[in-house]
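Shown next, in structure tokens, is the structure this report addresses.
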Amino acid sequence: MTSATLVGVLVGYLVVLLVIGVWGSRDSSDVKGYFLAGKRLPAWVIAFSSNATGESAWLLLGLTGMGYAVGVHAFWVIMGEVLGVATAWVFVARPFKELTDRYDAITVPDYLTARFRDTRHLFRILSAVIILSMVVAYVAAQLTASGKAFDTFLHTGYTAGAWIGLAIVLFYTSVGGFKAVAYTDFLQGVLMLGCLVTLPLVAIPAAGGWAGTMDALRAADPALLRPMGSFGLSMGGLASAFGFVAIGFAFLGSPQLLTRFMAARDHREIEEGGLWAVLCVIGFDVGAVLSGMAGRVLFPGLADPETVLPELSHALFPAFFTGIFLVVVLAAIMSTVDSLLILASSVVVRDLVQNVFEPGADQRRLSLLGKAVTVVIGLVAIALALSETRMIFWFVLFAWSGIAAAFTPVVLCSLFWKRTTRAGAVAGMVGGFVTTIVWVVWFKERFWDLYEMIPGFAAAFLCMAVVSLATAPEPEAVAELEDARRAVGRVF
Amino acid sequence: MPLAAWLLLVVAVGLGLTLELAFYRARRRDRRAVRTSAGGGA
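Dropping the structure here:
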């Protein structure tokens with residue numbers, strides 16, 4: 062294996078991204094173009110781009126590591142994600158698209174502000190606090206992944222690898238806006254799918270074929286082939302399985318994914334995109350878990366299970382394909398980081414500056430400010446990533462949960478429960494977000510390590526229901542919701 | 215792989231896929247119905 066080959070593949074990939082970035086930048090001269098690609102994206106782009114954004118380096122390094130560490134117990138993650146993606150496209154996407162088009166919303170806080178007639182900008186300020194804090198944690202985890210990937214593939218050292226990842230993403234994100242982000246995410250999603258379908262097809266035969274792999278796993282630890290893993294049918298096992306399923310709940314209402322529905326050309330694109338998205342996530346997740354299981358047989362005793370994918374690619378593929386695998390890991394990192402940076406930039410520029418602090422600001426100033434926000438968030442995130450090397454899997458899941466618990470219950474109730482009020486929605490956002498953090502800090506270890514998204518969602522729904530029932534909804538907003546749902550029509 | 219693990223894998227993939235396929239078929243059926251009624255009117 063030669064580093065020159067790896068670098069060559071990497072440079073080729075970055076040139077393609079640059080071309081897409083420059084191409085996308087032509088349509089990003091105004092706020093709607095920059096943050097939503099002018100609402101003109103086709104089905105296949107929103108499908109792959111939402112999955113690539115949702116999955117991140119967690120899929121390639123974290124979930125393969127999960128398959129390595131716990132075996133078939135990781136199938137619960139597949140259940141949650143496939144169900145989460147399907148439910149989002151079937152039930153959430155069309156009414157959300159209908160309402161955001163009616164409100165001419167560009168961001169999720171835009172939508173919540175219009176839906177609940179919020180003249181005091183509560184949703185905008187609250188959303189900014191939640192999104193900015195969680196995006197920093199999320200991007201830090203991705204930079205951790207970048208450091209590990211570059212170090213494993215090119216032996217750059219962890220710190221240099223994290224810096225290289227940040228520089229690439231910052232450069233390319235600031236060039237092209239959301240259109241470039243969505244189309245590069247599409248390309249990155251296709252690369253990730255190709256990699257994760259190919260890898261187990263090569264790794265399982267190398268590990269002794271299907272039967273040989275299963276025999277070796279059983280010999281290593283019989284719990285690797287049990288659905289409830291080493292926990293068995295216990296409270297700990299149920300909490301673990303339910304926690305894995307809950308990872309998929311975030312697909313129902315996280316802002317970085319909802320923006321894909323908002324950016325769709327029309328309802329027809331959403332109807333067609335769903336099937337692509339579900340097939341794609343099945344390929345992603347099944348491939349990742351099976352690769353991890355084969356990796357357990359080929360490389361038993363890895364100090365860090367999250368390095369199993371680079372190890373497999375080194376051992377099983379020639380140098381050119383090892384370069385492709387490095388590109389795919391970077392693709393997973395970049396497809397998430399660029400979307401998160403655009404999301405953070407949009408809440409600062411669109412929700413805070415344009416709508417709260419400086420309504421008359423010109424477009425050029427807003428555009429420059431957006432780019433400055435992406436750089437600042439990137440620098441804060443790398444400071445966090447370098448100060449403490451954490452496991453990618455759990456750090457990503459914490460940030461994933463924080464954003465999802467704050468937004469998903471509120472978005473769901475705003476679409477399907479007409480009794481939801483402004484005060485109820487605010488209470489739900491605060492309750493979901495605070496509970497997620499409090500659970501991780503004080504309660505998680507004492508309650509079977511139950512994943513924080515579950516208490517976060519429960520608290521959000523509870524707070525929203527109690528406060529909404531104690532306050533009155535806006536009659537106009539209720540009538541508008543009913544009209545929008547009539548326009549969308551039935552589901553089946 | 216044990217039967218229980220196969221069952222979990224099939225359910226994990228099948229639940230979401232079935233939901234999406236049902237939705238996709240319903241939308242195609244609705245679009246066909248709209249086209250038919252539009253054609254009939256002309």
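Top line first, the protein sequences correspond to chains F and X.
Numbers given in the numbering used here equal positions in the first sequence, counted from 1, plus 61.
Numbers given in the numbering used here equal positions in the second sequence, counted from 1, plus 214.
We treat Cβ as the ideally placed atom computed from N, Cα and C, and that holds for glycine.
Values in this document were obtained by computation on a predicted structure and should not be read as measured data.
Contact belief for residue i with residue j at Cβ below 8 Å, rounded distance in angstroms
i                        : j                            : result
valine 389 of chain F    : cysteine 256 of chain F      : 4 Å
valine 394 of chain F    : glycine 226 of chain F       : The question names valine, but residue 394 of chain F in the sequence shown is isoleucine. That pair is a contact at about 6 Å.
tyrosine 199 of chain F  : alanine 460 of chain F       : 4 Å
alanine 307 of chain F   : methionine 490 of chain F    : Rounded, the Cβ-Cβ distance is 18 Å, inconsistent with contact.
cysteine 341 of chain F  : phenylalanine 109 of chain F : 6 Å
threonine 168 of chain F : aspartate 412 of chain F     : 6 Å
valine 227 of chain X    : isoleucine 265 of chain F    : So it is not a contact: roughly 18 Å between Cβ atoms.
valine 236 of chain F    : serine 406 of chain F        : No, valine 236 of chain F and serine 406 of chain F are not in contact; Cβ-Cβ is about 13 Å, not under 8 Å.
alanine 243 of chain F   : alanine 324 of chain F       : 7 Å
proline 261 of chain F   : alanine 355 of chain F       : 6 Å
isoleucine 78 of chain F : tyrosine 233 of chain F      : Before going on, a small fix: residue 78 of chain F reads as leucine here, not isoleucine. Contact flag correct, Cβ pair sits at about 5 Å.
leucine 404 of chain F   : proline 316 of chain F       : 6 Å
Coarse secondary structure for residue i, derived from DSSP in three states
i                            : result
valine 409 of chain F        : helix
glycine 553 of chain F       : The sequence given here has phenylalanine at residue 553 of chain F, not glycine. Here phenylalanine 553 of chain F sits in coil by DSSP.
proline 288 of chain F       : coil
glycine 255 of chain X       : Low confidence applies here, because glycine 255 of chain X scores a pLDDT of 46, under 50, leaving its location unreliable and the question unanswered by this model.
tyrosine 512 of chain F      : coil
aspartate 212 of chain F     : helix
histidine 134 of chain F     : helix
aspartate 423 of chain F     : coil
proline 316 of chain F       : helix
histidine 182 of chain F     : coil
arginine 483 of chain F      : helix
isoleucine 139 of chain F    : helix
phenylalanine 386 of chain F : helix
leucine 440 of chain F       : helix
glutamate 537 of chain F     : helix
proline 366 of chain F       : helix
alanine 466 of chain F       : helix
tryptophan 478 of chain F    : coil
alanine 300 of chain F       : helix
proline 361 of chain F       : coil
aspartate 399 of chain F     : helix
glycine 269 of chain F       : coil
threonine 532 of chain F     : coil
aspartate 544 of chain F     : helix
aspartate 246 of chain F     : helix
aspartate 282 of chain F     : coil
Opposing strand residues paired with residue i [DSSP bridges]
i                      : result
alanine 325 of chain F : F/Leu102
Outcome for residue i when other beta-carbon atoms lying within 10 angstroms are tallied against a minimum of 16
i                            : result
leucine 222 of chain X       : buried
valine 76 of chain F         : exposed
glycine 439 of chain F       : buried
phenylalanine 305 of chain F : buried
aspartate 544 of chain F     : exposed
methionine 296 of chain F    : exposed
serine 428 of chain F        : buried
glycine 82 of chain F        : buried
proline 283 of chain F       : exposed
valine 224 of chain X        : exposed
serine 448 of chain F        : exposed
histidine 134 of chain F     : buried
leucine 294 of chain F       : exposed
alanine 256 of chain X       : Low local confidence applies: a pLDDT of 43 at alanine 256 of chain X is under 50, so the model's placement there is unreliable, and no value is given.
phenylalanine 310 of chain F : buried
phenylalanine 249 of chain F : Checking the sequence, you will find glutamine at residue 249 of chain F rather than phenylalanine. Flag for glutamine 249 of chain F reads buried.
threonine 180 of chain F     : exposed
proline 379 of chain F       : exposed
glycine 550 of chain F       : exposed
arginine 425 of chain F      : exposed
tyrosine 475 of chain F      : Correcting the residue identity first, residue 475 of chain F is serine in this sequence and not tyrosine. So serine 475 of chain F counts as buried.
valine 248 of chain X        : exposed
glutamate 333 of chain F     : buried
Opening and closing residue of the alpha helix (DSSP H) in which residue i lies
i                         : result
leucine 67 of chain F     : 64-86
glutamate 159 of chain F  : 154-164
leucine 120 of chain F    : From DSSP, leucine 120 of chain F is part of no alpha helix (DSSP H); its letter is neither H nor E.
glutamate 372 of chain F  : 369-377
threonine 217 of chain F  : From DSSP, threonine 217 of chain F is part of no alpha helix (DSSP H); its letter is neither H nor E.
methionine 215 of chain X : Premise fails: methionine 215 of chain X is in no alpha helix (DSSP H) and is neither H nor E.
glycine 293 of chain F    : First-last for glycine 293 of chain F: undefined, no H or E at that position.
threonine 174 of chain F  : 169-176
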